[in-house]
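Colleague: Residue numbers for the sequence shown follow my numbering, beginning at 1 and rising by one.
Virtual Cβ for every residue (Gly too), placed ideally from N, Cα, C.
Please see the structure below; I have some questions.
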Amino acid sequence: VPRTGELALRRAIPANPNMKAVQESLEDISYLLRIPQRKPFGTMEGNVKKSLKAAVDGKEAILASMPPEFREKGSLLYESLIDGKGGLKTLLKYISDKDADRVSVGLASSLDIVA
Numbered sequence: 001v002p003r004t005g006e007l008a009l010r011r012a013i014p015a016n017p018n019m020k021a022v023q024e025s026l027e028d029i030s031y032l033l034r035i036p037q038r039k040p041f042g043t044m045e046g047n048v049k050k051s052l053k054a055a056v057d058g059k060e061a062i063l064a065s066m067p068p069e070f071r072e073k074g075s076l077l078y079e080s081l082i083d084g085k086g087g088l089k090t091l092l093k094y095i096s097d098k099d100a101d102r103v104s105v106g107l108a109s110s111l112d113i114v115a
């Protein structure tokens, strides 16, 4: 059962299989962040790398699944997901810094881009 309305809506949106894999890996991180003691940053890093690989390997399929009139905007969103301020590479940096607060903010930003 989704814990928030935002999560329920994100899961209800039909998605390209590659973006679905990215979304699921990122949602796993939000679950891992709720662990009260030591955060499993290694697992989080693996999830982000898996998301990044799925997004990079499936770039053509992701962009092709968008309606033609939205491809330019979709391409900009794709680039921001990979390299942007709230993107996956930034999230990897926050995880390597072992800063749970910044990981949480970066994760929310990445999930917003995915949605």
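What three-state label does DSSP hand R34 in the structure shown?
Modeller: coil
Colleague: Nearest CA to the CA of S96: which residue from N18, G42 and I29?
Modeller: Of all alpha-carbon atoms in N18, G42 and I29, the one lying nearest the alpha-carbon of S96 is that of G42.
Colleague: Could you tell me whether the segment 56–70 touches the segment 24–37, where touching means 3 or more Cβ pairs closer than 8 angstroms?
Modeller: No, because fewer than three Cβ pairs between the segment 56–70 and the segment 24–37 fall closer than 8 angstroms, the two stretches do not touch.
Colleague: Between L33 and D101, what straight-line distance do the alpha-carbon atoms span, to the nearest angstrom?
Modeller: Straight-line Cα distance between these residues: approximately 9 angstroms.
Colleague: Are L92 and K50 closer than 9 angstroms when you measure CB to CB?
Modeller: Their beta carbons are not under 9 angstroms apart, which means L92 does not touch K50 by this criterion.
Colleague: Can you give the Cα-Cα distance for L52 and K89, rounded to whole angstroms?
Modeller: Taking the straight line joining both Cα atoms gives about 8 angstroms.
Colleague: Among residues of its own chain, excluding the 5 on either side of V22, which ones have a beta-carbon nearer than 7 angstroms to its beta-carbon?
Modeller: Excluding positions up to five away in sequence, the list reads S51, A54, A55 and V114.
Colleague: Is the beta carbon of M44 less than 9 angstroms from the beta carbon of V103?
Modeller: Taking 9 angstroms as the cut-off, the Cβ atoms of M44 and V103 count as close.
Colleague: With a cut-off of 9 angstroms, does the C-beta of I62 fall near any C-beta of chain B?
Modeller: Chain labels in this structure do not include chain B; a single protein chain is all it has.
Colleague: Can you check whether the CB of G86 is closer than 9 angstroms to the CB of S110?
Modeller: yes
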